[in-house]
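S.K.: According to my numbering, the stretch in the sequence shown is residues 5 to 289, in order.
Here a beta-carbon is modelled for each residue, glycine too, at the ideal position from N, C-alpha and C.
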Amino acid sequence: MIVTSKSQLVGLFGHPVGHSQSPLMHNTAFQHLQLPYVYVAFDVVPDRLKEAVTGIRGLGIKGVNVTIPHKVAILPFLDEIDPLAQRIGAVNTVVNANGRLIGYNTDGTGYVRSLVEETGLLLANQVVTLLGAGGAARAVACTLADKGVQEIRIVNRSREKAQKLADHLRPLVNVTALEPNEAEEAVKTATLIINTTSIGMYPNVEEMPIPAEWLHDGLIVSDLIYNPLETKLLTSAKQVNAVTHSGIGMFVNQGALAFERWTGVEAPVELMRQTVLAQLRQGGN
Ligand code: NAP
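1. Just confirm the distance between the C-beta atoms of Ala45 and Gly64, as a whole number of angstroms; I'd bet it's less than 8 Å.
2. Any heavy atom of the ligand NAP inside 7 Å of the beta-carbon of Ile203?
3. Mapping the DSSP letters down to three states, classify Val132 as helix, strand or coil.
4. Nearest-angstrom Cα distance between Gly107 and Gln278?
5. For Leu32, which residues in the same chain have their Cβ closer than 8 Å to its Cβ, ignoring the five residues on either side in sequence?
6. Which of the three DSSP states is assigned to Ile85 in this structure?
7. With a threshold of 16 other CB atoms inside 10 Å of the CB of Pro207, please say whether the residue is buried or exposed.
8. Distance check for Gly18 and Gly152, CA to CA, integer angstroms please.
9. Buried or exposed: which applies to Pro50, given that a residue is buried once 16 or more other Cβ atoms fall within 10 Å of its Cβ?
10. Taking the continuous beta strand (DSSP E) assigned at Tyr108, which residues delimit it?
11. May I ask you to check if the CB of Ala241 is nearer than 7 Å to at least one heavy atom of the ligand NAP?
12. What are the start and end residues of each continuous beta strand (DSSP E) run of 3 or more residues lying completely inside the region 220-268, in chain order?
13. Taking the beta strand (DSSP E) that Ala145 belongs to, which residues open and close that run?
14. Using the Cα positions of Asp171 and Gln38, report the straight-line distance between them to the nearest angstrom.
15. Look at the alpha carbon of Asn185 and the alpha carbon of Lys168, and state the distance between them as a whole number of angstroms.
16. Are the beta-carbon atoms belonging to Leu284 and Leu233 less than 8 Å from one another?
17. Between which two residues does the beta strand (DSSP E) carrying Gln25 extend?
18. Quick one: using the 10 Å Cβ neighbour count with 16 as the cut-off for buried, is Ala216 buried or exposed?
19. Check whether the Cβ atoms of Thr125 and Leu134 lie closer than 8 Å to each other.
20. Okay, do the region 248-260 and the region 98-116 touch, 3+ Cβ pairs below 8 Å being the bar?
21. Three or more C-beta pairs closer than 8 Å, one from the region 237-251 and one from the region 261-275: is that the case here?
22. Nearest to Ser11 by CA position, among Phe34, Val70 and Met205, is which residue?
23. Considering only C-alpha positions, which residue in the set Val177, Leu182, Val98 and Val225 is nearest to Thr200?
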């Protein structure tokens, strides 16, 4: 990649950022389309977040992705928050519109876009059992509620977090927070199971958020985890002929939507997916 005086800077604010797949994914896409952008990962310690955001304006950085631990903490430092990001309560993409910093959340939309494209499901028919109630669950659940799924049930280790998320979603969708002893029935009667917990993520690849015996062939089983590309939950789902959906699609599509907000150009989604897949298969995490 040749950086010139015309190059525009975009990047990632997170801590740590050393393992991020985003720089390679975005820079490959910029190069492919011959767009004059460069994507850099900035390791921003929490105490310096405000200064880093001021730096976006000062340096004329065109935009950034925001990841752990800054997705919520960045909100007060921005000039405007898009309504969906406001409802989610977190920002993963910032656009610098002539010095005005606008916060978006493309995690939920990226997830739903990939879910629909890869499984062909009809959102309006889905009875969703959501495992987990953390940040990613919030983005996914708010977006699914927005898009009009039939019902959402939330199961989480900390019951009060599931209740809080359910209360937040209630105006939009038929939603309940379940007790752990109701999880089995909720999985068996769902059409779509979504694992938003980190259970099964590298290096704990032998772990599963629910017992394999609860899975059946009428289910779509979706896992937000993309390392490994196929979690034990998804392997078990395949064994009972359930439809499966892995987290790679969410990662690529959240990035593609951010790319489109910064550049105004349609992102080369398939190239971005192949780039991340190749990196993960080489053992990148
Ligand atoms: P988070 O806010 O820390 O939430 C973690 C969730 O997992 C919480 O519901 C937590 O339950 C639950 N959990 C963690 N360990 C558990 C255990 N041992 N037993 C039961 N529950 C457990 O994290 P996050 O940002 O939402 O991320 C969650 C997962 O989504 C991660 O695997 C992450 O890699 C993935 N993700 C993927 C993408 C993508 O692009 N594909 C994007 C974002 C996140 P408690 O509330 O009880 O603690």
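M.R.: The relevant details are as follows:
1. The sequence position of residue 45 within the sequence shown is 41, counting from 1. The sequence position of residue 64 within the sequence shown is 60, counting from 1. Actually they do not touch by this definition, with Cβ atoms about 19 Å apart.
2. Reading the sequence shown from its first residue, position 199 is the one you call residue 203. Ile203 Cβ: within cutoff of the ligand NAP.
3. By 1-based counting over the sequence shown, the position of residue 132 is 128. Strand at Val132.
4. On the sequence shown, position 103 is the one that residue 107 refers to. On the sequence shown, position 274 is the one that residue 278 refers to. For Gly107 and Gln278, the distance between alpha carbons rounds to 28 Å.
5. Here residue 32 corresponds to residue number 28 of the sequence shown, with the count starting at 1. It is worth fixing the name first, because residue 32 is Thr in this sequence and not Leu. Closer than 8 Å at Cβ, skipping near neighbours: Leu275, Met276 and Thr279.
6. Residue numbering aside, residue 85 sits at position 81 when the sequence shown is read from its first letter. Here Ile85 sits in strand by DSSP.
7. Working through the sequence shown from its first residue, we reach residue 207 at position 203. Residue burial is scored here from C-beta neighbours: Pro207 has fewer than 16 other C-beta atoms within 10 angstroms and is therefore classed as exposed.
8. Within the sequence shown, numbered from 1, the residue matching residue 152 stands at position 148. Within the sequence shown, numbered from 1, the residue matching residue 18 stands at position 14. In this model, Gly152 and Gly18 are separated by some 32 Å (Cα to Cα).
9. Against the sequence shown, residue 50 aligns to sequence position 46. Burial call: exposed.
10. Numbered from its first residue, the sequence shown carries residue 108 at position 104. According to the DSSP assignment, Tyr108 belongs to the beta strand (DSSP E) that extends over Arg104 to Tyr108.
11. Here residue 241 refers to the residue found at position 237 of the sequence shown. Checking every heavy atom of the ligand NAP against the Cβ of Ala241, none is found closer than 7 Å.
12. Counting only runs that start and end inside the region 220-268, the beta strand (DSSP E) elements of at least 3 residues fall at 224-227 and 247-249.
13. Numbered from its first residue, the sequence shown carries residue 145 at position 141. Note, Ala145: premise wrong, no beta strand (DSSP E); alpha helix (DSSP H) at Gly139 to Asp150.
14. Residue mapping note: residue 171 aligns to position 167 of the sequence shown, counting from 1. Residue mapping note: residue 38 aligns to position 34 of the sequence shown, counting from 1. Roughly 46 Å separates the two Cα atoms.
15. In the sequence shown, the residue the question calls residue 185 occupies position 181. In the sequence shown, the residue the question calls residue 168 occupies position 164. The straight-line gap from Cα to Cα measures roughly 19 Å.
16. Within the sequence shown, residue 284 is the residue found at index 280, counting from 1. Within the sequence shown, residue 233 is the residue found at index 229, counting from 1. Yes.
17. Your numbering for residue 25 matches position 21 in the sequence shown. Counted as a single uninterrupted DSSP element, the stretch harbouring Gln25 is not any beta strand (DSSP E), since DSSP gives it neither H nor E.
18. Translated into positions along the sequence shown, residue 216 becomes position 212. Per the 10 Å Cβ criterion, exposed.
19. Here residue 125 refers to the residue found at position 121 when the sequence shown is read from its first residue. Here residue 134 refers to the residue found at position 130 when the sequence shown is read from its first residue. Residue identity check: residue 125 is Leu in the sequence provided, not Thr. Not a contact, by the Cβ cut-off of 8 Å.
20. The region 98-116 and the region 248-260 touch, with three or more beta-carbon pairs separated by less than 8 Å.
21. No, because fewer than three Cβ pairs between the region 237-251 and the region 261-275 fall closer than 8 Å, the two stretches do not touch.
22. Taking the first residue of the sequence shown as position 1, residue 11 is located at position 7. Per the Cα distances, Phe34.
23. Along the sequence shown, one-based indexing puts residue 200 at 196. That would be Val225, whose Cα lies nearest to the Cα of Thr200.
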